[in-house]
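Going by our numbering, the sequence shown runs without a break in its numbering and finishes at 749.
First the structure, in the form of structure tokens, and then the observations on it.
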Amino acid sequence: MNRDKLLWKLQNIEGKGKTAVELYHEISSACVNEILSEKQKAPARCAYYFSVEYLMGRMFFNNLLALGILDEAREIFAAKGFDLNVFEEVEDAALGNGGLGRLAACYLDSAANLGYPLYGFGIRYKYGLFKQKFVGGEQVEEADDWLKVWGDPWSVRRSDEKIEVNFADMTVTAVPYDMPIYGRSVNILRLFQAEGSAEAEKISEYLYPADDCEEGKLLRIRQEYFFSAAAVGQLVQKYVKKYGKNFEHFPEFHVFQLNDTHAVFAVAEFLRLLTKEYRLTFPQAVEVAKKTFNYTNHTILPEALECWDIKLVEKILPEIAQILTRLHIFAGREWNICGYPKPEIAEMSIVRGGKFSMANVAVYISGHVNGVAEIHTKILEERLFAAAYRHFPEKFLNVTNGVTQRRWLLLCNEELAKFYDERLGTAWRDDLSLIRNINCGDAETLSAFSTIKAEKKRQLAAYIEKKEGVKLLPDAIYIAQVKRLHEYKRQFMTALAILRIYFDLKAGKLPDFTPTVFIFGAKAAGSYKRAKEIILFLNKIAERIANDEDVNARLQVVFVQNYDVSYAEKIVAGSDVSLQVSTAGFEASGTGNMKLMMNGAVTVGTMDGANIEIVEEAGKENNYIFGASVEEINALENTYDPITFAEEHPRIKRVTDTLTDGTFEDADGKLKDLASSLFKQTYNRADHYYVLYDLLPLVDALLKVNEEYKDKTLFTKKQLENATHSAFFSSDRAIQTYAEKIWGI
Ligand code: 26Q
5 MNRDKLLWKL QNIEGKGKTA VELYHEISSA CVNEILSEKQ KAPARCAYYF
55 SVEYLMGRMF FNNLLALGIL DEAREIFAAK GFDLNVFEEV EDAALGNGGL
105 GRLAACYLDS AANLGYPLYG FGIRYKYGLF KQKFVGGEQV EEADDWLKVW
155 GDPWSVRRSD EKIEVNFADM TVTAVPYDMP IYGRSVNILR LFQAEGSAEA
205 EKISEYLYPA DDCEEGKLLR IRQEYFFSAA AVGQLVQKYV KKYGKNFEHF
255 PEFHVFQLND THAVFAVAEF LRLLTKEYRL TFPQAVEVAK KTFNYTNHTI
305 LPEALECWDI KLVEKILPEI AQILTRLHIF AGREWNICGY PKPEIAEMSI
355 VRGGKFSMAN VAVYISGHVN GVAEIHTKIL EERLFAAAYR HFPEKFLNVT
405 NGVTQRRWLL LCNEELAKFY DERLGTAWRD DLSLIRNINC GDAETLSAFS
455 TIKAEKKRQL AAYIEKKEGV KLLPDAIYIA QVKRLHEYKR QFMTALAILR
505 IYFDLKAGKL PDFTPTVFIF GAKAAGSYKR AKEIILFLNK IAERIANDED
555 VNARLQVVFV QNYDVSYAEK IVAGSDVSLQ VSTAGFEASG TGNMKLMMNG
605 AVTVGTMDGA NIEIVEEAGK ENNYIFGASV EEINALENTY DPITFAEEHP
655 RIKRVTDTLT DGTFEDADGK LKDLASSLFK QTYNRADHYY VLYDLLPLVD
705 ALLKVNEEYK DKTLFTKKQL ENATHSAFFS SDRAIQTYAE KIWGI
């Protein structure tokens, strides 16, 4: 990339008389053209990432930063009387729900920066994740028409590379939109748009707004097959053109990574093409596939494990259903010959109870299967895929997640980046492990860090005031719980803990309480009733506390609307404390925990997901671990009775009673329903996620933070220890691991 030429081009963009949208397009297009003008030599072996979600966030600032022209561009346009910050209004590219989609975005960023050839495939949704508003404390969803105002100048439509995808009842054209990812190498994220009949176009209209699946949905199957088949079709076509029909060498040039089971139809399509179009025998095709595919699991929630009704698949994809059935028989025969016990074969089977188990397809075909944190991988090996692990232990490995320090530090906290620059030079930007060399015991260093944290808190408060119209308490501890809304993530438990603190404050039992602000951000899937009730409950608590003169100078709750990547950038930089309180064994990894840590928040968390590795890196003494471990939870399973438990703990009962005793207005019984999730068997057992069991330990942990925060130097040191020990959680490290251990690129 010719930086001077690009800057010169920007210099020559006429500012006068142009709208912000016009300028946005001119600047973005100049960058894209410059990036693409660079001729890339195609590497022999490439990795391909198959993901139904990419949560890219705002592209503009990140790309200018990657190009190394962000500061200059700001100056150039300031001189023309135009403030680039206007582009903070540009919509996020929110083509994902949460962790899994954002991880894909971080990985693309890291791969390009490290110069690894990693190409992404996915869907170009017309509408991204819904926009969220609160009306009377309740979540209201609105369509995310992200292209309407600002368009998408960071992508290039490639009509010349379109490809047809066939369903039994229609043919759909998949038109690629290529988004260059700039770094040491220029990689491409290729998102397919569905075109053709009105029915066909529906396929790429909406992102499924749930991060779990309750039942098989026809449109979801169409989406998954649509992009998987388009991607596989193109790669196979290109290979045949270049190397002919001998597929023996295909795995030398290609390695596929399945981001969860959402693209497992790619396996079936690959087998279909090789056997039906290129005349390989079925065993030959399976052999090639086994050398090509790899699978990452991101969840062990039973309701999120994809199992598609065979009848449903047969209806719209008869050939694919046939191939999966054949694979089922083929694998079964293989396992039988090896003499594996019947129950274990049943456990690993592709067809189970009239459904295709997509996870079992993935595990069978993949050369490598990985979990996303140590404890999660262990759970996969011991529970979810125990039989497969027993017979194919060599397939399994752990790759703990990571996040890109470019967006989650350089971009969102330039003050902290400068702090490192001044003390370490700039080499840490590409090798984050160097930040460990900061001396956390040095008084001047601590004071500088504390000044930065105070400034980021001030910026966050200003932003929240602008967006929500709420003035945050100054000089308070900022505690953030920001993530998708899910029962297992236990925002509900935090709500009850806040009520506990509220009652104690009111009763004068906490005379030395340091003012505290709880910041929540979360979207609930539109159909997830219970999650929406938790949002309502938290908003009611926020209102109650705000209106209570006894406590509102010391305690505050704010639930921000429309939490997204751009909001996250502000919150992770401006928080003191990171709440990661999932029921042990349920959060595969978490990545928000890493972003907050990188910006110097201490963790109040359970021994779950990557929290365990976070405290290993930064020290247990610098964080606040509480609650039941996986082993304890497992042991409780048959004995835990939340009703008795609450009766035995009046401090718990006092707060759960507020759901039913008229403390809060509840004409439509939503809070009553929440209470029943704790005390009655509903779709889960009573208090399935051990909210009450871990509640008082959470309150204690929060009060410990509150006490220790008073020693400013000590607390700042804890924060800095966390920030400077976050290098392991860089997605650069994660991508290096994938590249070396799985992809061989
Ligand atoms: C499946 C079928 C039908 C409709 C939707 C889905 C679906 C969609 C999204 C199922 C799951 C997801 C997303 C899962 C997810 O985001 N998991 C998170 O992945 C992160 C990255 O590895 C982890 O850090 C989190 O712990 C994990 O919850």
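We put the beta carbon where it would ideally sit given N, CA and C, even for glycine.
The structure presented is a predicted model; accordingly, all values stated were derived computationally and were not measured.
Which term fits residue i, buried or exposed, when burial requires 16 or more other beta carbons within 10 angstroms of its beta carbon?
| i | result |
| --- | --- |
| G2 | Shown here, the chain extends from 5 to 749; a query on residue 2 therefore has no answer. |
| D691 | buried |
| T520 | buried |
| N89 | exposed |
| R337 | exposed |
| V153 | exposed |
| V139 | exposed |
| Q409 | buried |
| C342 | exposed |
| G237 | buried |
| I333 | exposed |
| T430 | exposed |
By DSSP's criteria, residue i is part of a beta bridge. Which residues make up the other side?
| i | result |
| --- | --- |
| V176 | V169 |
| A501 | Bridge partners of A501: none, in fact. |
| V581 | I483, V606 |
| P184 | I192 |
| K359 | D313, R356 |
| F630 | According to DSSP, which records beta bridges pairwise, F630 is partnered with nothing at all. |
Considering just the uninterrupted stretch of the beta strand (DSSP E) at residue i, what are its terminal residues?
| i | result |
| --- | --- |
| Q560 | 559-564 |
| L195 | 190-199 |
| S531 | Note, S531: premise wrong, no beta strand (DSSP E); not H, not E. |
| V373 | 372-375 |
| K135 | 132-139 |
| I523 | 520-525 |
| N263 | 258-263 |
Got a sec: does the ligand 26Q put a non-hydrogen atom nearer than 7 Å to the Cβ of residue i?
| i | result |
| --- | --- |
| L107 | yes |
| H729 | no |
| L104 | yes |
| S593 | yes |
| D215 | yes |
| T329 | no |
| Y212 | yes |
| N298 | no |
| G406 | no |
| V290 | no |
| G248 | no |
| D113 | no |
| H302 | yes |
| A308 | yes |
| H253 | no |
| N101 | yes |
| H266 | yes |
| G613 | yes |
| V376 | yes |
When the Cα of residue i is compared with those of the options, which residue comes out closest?
| i | options | result |
| --- | --- | --- |
| G375 | Y368, E385, I369 | E385 |
| R78 | N37, K45, A108, Y28 | Y28 |
| I618 | T728, A511, I545 | T728 |
| K714 | F517, G589, M602, T648 | F517 |
| D494 | D661, L678, A51, P397 | According to the sequence shown, residue 494 is Arg rather than Asp. Checking every option, the nearest Cα to that of R494 belongs to L678. |
| S734 | L663, D156, L436 | L436 |
| Y571 | S586, L600, I349 | L600 |
| T648 | Y697, K674, A622 | Y697 |
So is the beta-carbon of residue i under 7 Å away from any non-hydrogen atom of the ligand SAM?
| i | result |
| --- | --- |
| R224 | This structure does not include the ligand SAM; its bound ligands are the ligand 26Q. |
Could you check where the alpha helix (DSSP H) with residue i kicks off and where it finishes?
| i | result |
| --- | --- |
| Y368 | 362-369 |
| I656 | 654-661 |
| H395 | 390-395 |
| K319 | 314-320 |
| G237 | 222-247 |
| C3 | Absent from the model: residue 3. The displayed extent of the chain is 5 to 749, so no value can be given. |
| H380 | 378-383 |
| F54 | Premise fails: F54 lies in the beta strand (DSSP E), 50-54, not in any alpha helix (DSSP H). |
| L707 | 695-712 |
| Q288 | 286-296 |
| Q44 | Careful: Q44 lies outside any alpha helix (DSSP H) and carries neither H nor E. |
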